[in-house]
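> Line by line, the protein sequences are chains A and B. Heads up, the first sequence is in the working numbering, so the first residue is 218 and it goes up one at a time. Heads up, the second sequence is in the working numbering, so the first residue is 4 and it goes up one at a time.
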Amino acid sequence: MTEREKPTAVGSSEHTPTEGAIRGVSCPEGGLHGTTVGVGVGVVGVRLRWRALVVVGASAAVLVLAVAAHVGLGSYHISMLDVLRVLSGGGEESQRGAVLDVRLPRALVGALVGAALGLAGAVFQSISRNPLASPDVLGITWGAGVGAVTVIVLAGTSGQISGIAGALGLPLASLLGGIAAGLALYGFSWRRGLDGYRMVLIGIGIAAVCANLVFWLLTVGDVTVAARAMTWLTGSLAAAGWSEVPAVAIALLVLAPATLLGARVLGVLRFGDDTARGLGVRVDRARGLLVLLAVLLASVATAAAGPIAFVALAAPQIALRLCGVAGPPVVASTVLGGVLTVLADLVARIAPGGVELPVGVLTAVLGAPYLMYLLVRSRREARV
Amino acid sequence: MNIVNTPVTRADSARSRSAERAAGLGPLARRRRRRVLGLVALAAAVLLATLVSIAFGDRAIPLPAIWHAIFTPSDTESDIIIGALRMPRTLLGLGVGVALGVAGALLQGHTRNPLADPGLLGVTQGAAFAVVLSITVFGVSYVSGHVAFAFAGALIASAIVFALGSIGSGGATPVTLALAGATISWLLLGLTSAMVLLDQRGMEVYRFWRIGSLARDEYFSAATVLPFLIIGLLLALANTPGLNTLALGEDVAKGLGQRVRLTRFAGVGAVALLTGSAVAVCGPIAFIGLVVPHIARAITGADYRWLVPYAGLLGAVLLLVADVLGRVISADTFEVGIMLTVLGAPVFIYLVRSTRLVRL
Chain A
218 MTEREKPTAV
228 GSSEHTPTEG
238 AIRGVSCPEG
248 GLHGTTVGVG
258 VGVVGVRLRW
268 RALVVVGASA
278 AVLVLAVAAH
288 VGLGSYHISM
298 LDVLRVLSGG
308 GEESQRGAVL
318 DVRLPRALVG
328 ALVGAALGLA
338 GAVFQSISRN
348 PLASPDVLGI
358 TWGAGVGAVT
368 VIVLAGTSGQ
378 ISGIAGALGL
388 PLASLLGGIA
398 AGLALYGFSW
408 RRGLDGYRMV
418 LIGIGIAAVC
428 ANLVFWLLTV
438 GDVTVAARAM
448 TWLTGSLAAA
458 GWSEVPAVAI
468 ALLVLAPATL
478 LGARVLGVLR
488 FGDDTARGLG
498 VRVDRARGLL
508 VLLAVLLASV
518 ATAAAGPIAF
528 VALAAPQIAL
538 RLCGVAGPPV
548 VASTVLGGVL
558 TVLADLVARI
568 APGGVELPVG
578 VLTAVLGAPY
588 LMYLLVRSRR
598 EARV
Chain B
4 MNIVNTPVTR
14 ADSARSRSAE
24 RAAGLGPLAR
34 RRRRRVLGLV
44 ALAAAVLLAT
54 LVSIAFGDRA
64 IPLPAIWHAI
74 FTPSDTESDI
84 IIGALRMPRT
94 LLGLGVGVAL
104 GVAGALLQGH
114 TRNPLADPGL
124 LGVTQGAAFA
134 VVLSITVFGV
144 SYVSGHVAFA
154 FAGALIASAI
164 VFALGSIGSG
174 GATPVTLALA
184 GATISWLLLG
194 LTSAMVLLDQ
204 RGMEVYRFWR
214 IGSLARDEYF
224 SAATVLPFLI
234 IGLLLALANT
244 PGLNTLALGE
254 DVAKGLGQRV
264 RLTRFAGVGA
274 VALLTGSAVA
284 VCGPIAFIGL
294 VVPHIARAIT
304 GADYRWLVPY
314 AGLLGAVLLL
324 VADVLGRVIS
334 ADTFEVGIML
344 TVLGAPVFIY
354 LVRSTRLVRL
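(1) What does M206 (chain B) touch in chain A if you count any residue whose Cβ is under 9 Å from its own?
(2) Give the residues from the region 261-274 of chain B that approach chain A closer than 8 Å (Cβ to any Cβ), ordered along the chain.
(3) Thinking just about the alpha-carbon of each residue, which of A:L470, A:A446 and A:A328 is nearest to the one in T580 (chain A)?
(4) Looking only at C-alpha atoms, which of B:F231, B:E253 and B:A314 sits nearest to A283 (chain B)?
(5) Which first and last residues belong to the alpha helix (DSSP H) in which D439 (chain A) is found?
(6) Whose C-beta lies closer than 6 Å to the C-beta of L167 (chain B) among residues of the same chain, with five residues either side of it excluded?
(7) Give a yes or no on whether the C-beta atoms belonging to L277 (chain B) and A102 (chain B) are separated by under 7 Å.
(8) Reducing DSSP to helix, strand and coil, say where R266 (chain A) ends up.
(9) Bridge partners for L411 (chain A) per DSSP, in chain order?
(10) Distance, Cα to Cα, L355 (chain A) vs L66 (chain B)?
(11) Between the C-alpha atoms of D202 (chain B) and A446 (chain A), what's the straight-line distance to the nearest angstrom?
(12) Listed in chain order, which residues of the region 516-539 of chain A have Cβ atoms closer than 8 Å to some Cβ of chain D?
(13) For A46 (chain B), which residues in the same chain have their Cβ closer than 6 Å to its Cβ, ignoring the five residues on either side in sequence?
(14) Find the nearest neighbour of I288 (chain B) within the set B:I159, B:V350 and B:G122, judged by alpha-carbon distance.
(15) Looking at the structure shown, is R646 (chain A) part of a helix, part of a strand, or coil, going by DSSP?
(16) Suppose you measure from the CA of M198 (chain B) to the CA of T139 (chain B); what does that come to, to the nearest Å?
(17) Is there a Cβ of chain B sitting closer than 7 Å to that of L454 (chain A), yes or no?
(18) Using the beta-carbon count (16 or more within 10 Å), is Y145 (chain B) buried or exposed?
(19) What is the DSSP secondary structure of Y293 (chain A), counted as helix, strand or coil?
(20) If you follow the alpha helix (DSSP H) that I369 (chain A) is in, where does it begin and where does it stop?
(21) Using the three-state DSSP reduction, which class does I64 (chain B) fall into: helix, strand or coil?
(22) If I follow the unbroken alpha helix (DSSP H) through N242 (chain B), where does it start and stop?
(23) Go ahead and pull the three-state DSSP assignment for V118 (chain B).
(24) Buried or exposed: F488 (chain A), going by 16 or more other Cβ atoms within 10 Å of its Cβ?
(25) So, A520 (chain A) versus S391 (chain A), is the Cβ gap smaller than 7 Å?
(26) With 7 Å as the threshold, decide whether the Cβ of L249 (chain A) is near any Cβ in chain B.
(27) Since G577 (chain A) and L336 (chain A) should fall inside the 8 Å C-beta cutoff, what is the C-beta to C-beta distance between them, to a whole number of angstroms?
(28) Rounded to a whole number of angstroms, what is the C-alpha to C-alpha distance between G248 (chain A) and R266 (chain A)?
(29) If we ignore side chains and look at the alpha-carbon of each, how far apart do L346 (chain B) and L301 (chain A) end up?
(30) For a minimum of 3 consecutive residues, which ranges assigned as the beta strand (DSSP E) are wholly contained in the region 445-504 of chain A?
(31) Kindly list the residues whose CB is nearer than 6 Å to the CB of A511 (chain A), restricted to its own chain and excluding five residues on each side of it in sequence; keep chain order.
(32) By the criterion of Cβ-Cβ separation under 8 Å, what are the contact partners of P348 (chain A) in chain B?
(33) Check whether the region 297-312 of chain B touches the region 227-246 of chain B, taking contact to mean three or more Cβ pairs, one atom from each stretch, closer than 8 Å.
(34) To the nearest angstrom, how far is it from the Cα of W449 (chain A) to the Cα of T179 (chain B)?
(35) Who are the neighbours of A585 (chain A) on chain B, taking C-beta pairs under 8 Å?
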């Protein structure tokens with residue numbers, strides 16, 4: 218660990234070269250991971266891996282394309298040119314309605330929520346060193362589920378959840394449920410420091426309690442109530458509109474940069490606690506803060522769109538294999554989470570069959586084969 | 004195998020000699036005696052749980068009446084309750100509890116992952132998918148049909164997972180197995196959710212099926228999985244020495260003459276048979292298979308030859324106790340799966356916090 222590679226507080230993103238004089242040193246680091254370039258400005262320094270850069274750039278491009286397709290395609294087809302016209306303030310009235318009021322906010326919420334889940338998943342997987350550790354397995358989304366399904370069941374068969382219960386109650390209840398489960402996870406796991414292995418086991422317990430509360434709540438109500446709760450539980454963007462965008466965007470703007478900065482110690486933590494301490498990382502504080510941030514990210518995402526399945530597990534694992542690195546890369550996981558969610562929602566919207574499926578059904582149906590393909594193709598053993 | 008599992012250092016043997024003089028036994032023998040005693044105590048606990056499960060329910064039945072019902076059944080009311088309801092239900096709980104405990108311990112060993120529940124290899128979701136498929140597509144409405152579909156679905160799904168996890172140069176490794184299992188499970192869950200959301204008939208059965216319960220209208224169909232369960236158990240016990248060697252790492256295991264691929268195949272096969280039988284009959288009671296191995300590991304340490312039987316007996320005790328409590332407290336409004344977790348999870352969290360963890 219040289220001076221230049223030390224985690225710094227300056228908010229330069231991991232993969233963008235800072236402007237100014239670049240004293241770049243090319244240091245070939247073995248053929249496997251491609252070349253690595255160190256870039257430093259004054260005391261600020263980042264290391265660039267070309268392959269990771271390419272993956273992040275390409276996925277960002279795919280994300281933009283996916284959002285564009287999401288806005289343009291559908292039963293009411295709008296051409297790319299018209300979409301651009303609408304976005305720049307022109308266009309026909311009907312097109313403006315479809316793009317600005319319905320499709321754009323939905324695509325944005327999808328991208329933001331997916332990014333939050335991908336990032337949270339990368340942090341959880343890194344800290345527990347377990348590819349299966351996602352917000353679902355650790356109980357956070359199930360905690361959110363308890364809050365949300367309680368509201369749905371209380372609203373009962375009397376009709377749609379409307380008014381305050383619909384606009385505020387459901388997201389708020391799920392946000393509180395998720396944060397409560399996350400705090401329980403943190404609190405019970407903390408024992409003179411936060412140990413990843415213990416956290417995973419505590420998470421199993423919390424997830425089990427919350428999941429079974431949800432299952433029980435599902436049998437309490439009428440079957441139509443159960444169906445509505447099931448839709449929420451699979452995660453749906455169908456109701457996402459502009460009202461969700463600011464809340465999710467602001468939360469993400471605060472949480473994501475903090476997490477990305479903090480995540481720079483994840484690479485060091487991978488060497489083991491003693492090595493990390495020797496290198497000057499405050500191991501327990503770093504892990505604790507990262508877990509709390511990941512809990513908040515997952516809770517906000519779940520409150521906005523329900524527990525969209527599989528994204529938090531798949532995005533980091535896909536990113537890890539595409540980048541060819543040892544542990545989940547945070548930036549690539551974030552972007553790929555957004556890509557997976559927007560693409561799944563696009564398919565959910567335009568798939569034939571009359572009934573629109575929730576996005577959470579399709580993230581797994583789309584993402585699982587791709588992850589399987591990567592898993593089978595990369596013959597060397599993946600590590601987390 | 005003993006040499007591998009219990010390395011004897013010079014200090015150990017010195018201590019053992021003095022202890023032998025003191026107690027007439029070496030440390031290895033004493034440890035074995037402790038483990039055997041523990042096993043006997045657990046077996047007694049299983050027997051007690053069985054008795055309690057037969058005795059208590061909507062109404063308590065005194066011991067003499069139980070004796071009468073088992074050995075000289077006539078047509079008294081308590082005889083009928085025991086013979087037709089409690090006895091089959093208790094036997095079912097015993098079989099399922101043992102199966103899930105054993106399967107969980109074995110699978111956590113093979114995937115080296117503390118998050119592995121017995122359903123990880125696609126077993127639970129495969130069974131769920133097949134049940135919903137049988138209702139929505141094939142219109143099967145009778146329970147024994149659901150059992151057959153669930154069992155077939157469980158086996159097919161785990162076979163696919165094992166095949167996908169084994170592709171590549173090294174065969175099935177812990178990481179590829181776990182990831183392939185999780186990925187296929189999520190895929191099947193997505194497909195199941197889609198079918199359930201599109202067809203309310205599926206939802207009506209699925210929302211109760213997924214909780215898991217020992218309560219059934221008729222118990223005869225449950226007996227059809229018994230042969231598979233027994234084969235699975237034997238396979239699991241035969242697999243434990245090999246798993247001990249595998250825990251040293253695949254290279255070391257190969258060097259010691261272990262046939263790694265065969266051991267993995269046998270282990271995963273045992274897990275699929277055991278979990279498949281349990282899930283087909285009772286629905287997913289996943290928590291027990293996830294938690295019991297951790298408790299057993301805290302007692303026995305990492306030796307799978309002891310860990311697996313302990314986990315099986317613990318699973319049976321836990322499942323029966325939870326089922327009785329569910330019956331007595333709330334007359335089946337809380338199904339056993341829910342009761343189990345509400346009861347077990349806080350204890351589990353306490354255990355995880357207060358004991359030194361034996362890592363996988």
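Backbone N, C-alpha and C fix where the C-beta goes; we use that ideal spot for every residue, glycine too. Just so you know, these numbers come straight off a predicted model, no measurement behind them.
In terms of the structure at hand:
(1) V440, A443, A444 and M447
(2) none
(3) A:A328
(4) B:F231
(5) Premise fails: D439 (chain A) is in no alpha helix (DSSP H) and is neither H nor E.
(6) A183
(7) yes
(8) strand
(9) A:W407
(10) 44 Å
(11) 15 Å
(12) Protein chains in the displayed structure are A and B, and chain D is not among them.
(13) none
(14) B:G122
(15) Because chain A spans 218 through 601 in this model, residue 646 (chain A) falls outside it and cannot be assessed.
(16) 8 Å
(17) no
(18) exposed
(19) coil
(20) I357 to A372
(21) coil
(22) L229 to L249
(23) The sequence shown places Leu at residue 118 (chain B), not Val. Correct three-state label for L118 (chain B): coil.
(24) exposed
(25) yes
(26) Annotation note: pLDDT 42 at L249 (chain A) (below 50); position unreliable, no value reported.
(27) Wrong, their Cβ atoms sit about 18 Å apart, outside the cutoff.
(28) With a pLDDT of only 39 at G248 (chain A), under the threshold of 50, the placement of this residue in the model should not be trusted; the figure read from the coordinates follows. Straight-line Cα distance between these residues: approximately 12 Å.
(29) 57 Å
(30) none
(31) A337, V340 and F341
(32) V178, A181, L182 and A185
(33) yes
(34) 31 Å
(35) T186, I187, W189, L190 and G193
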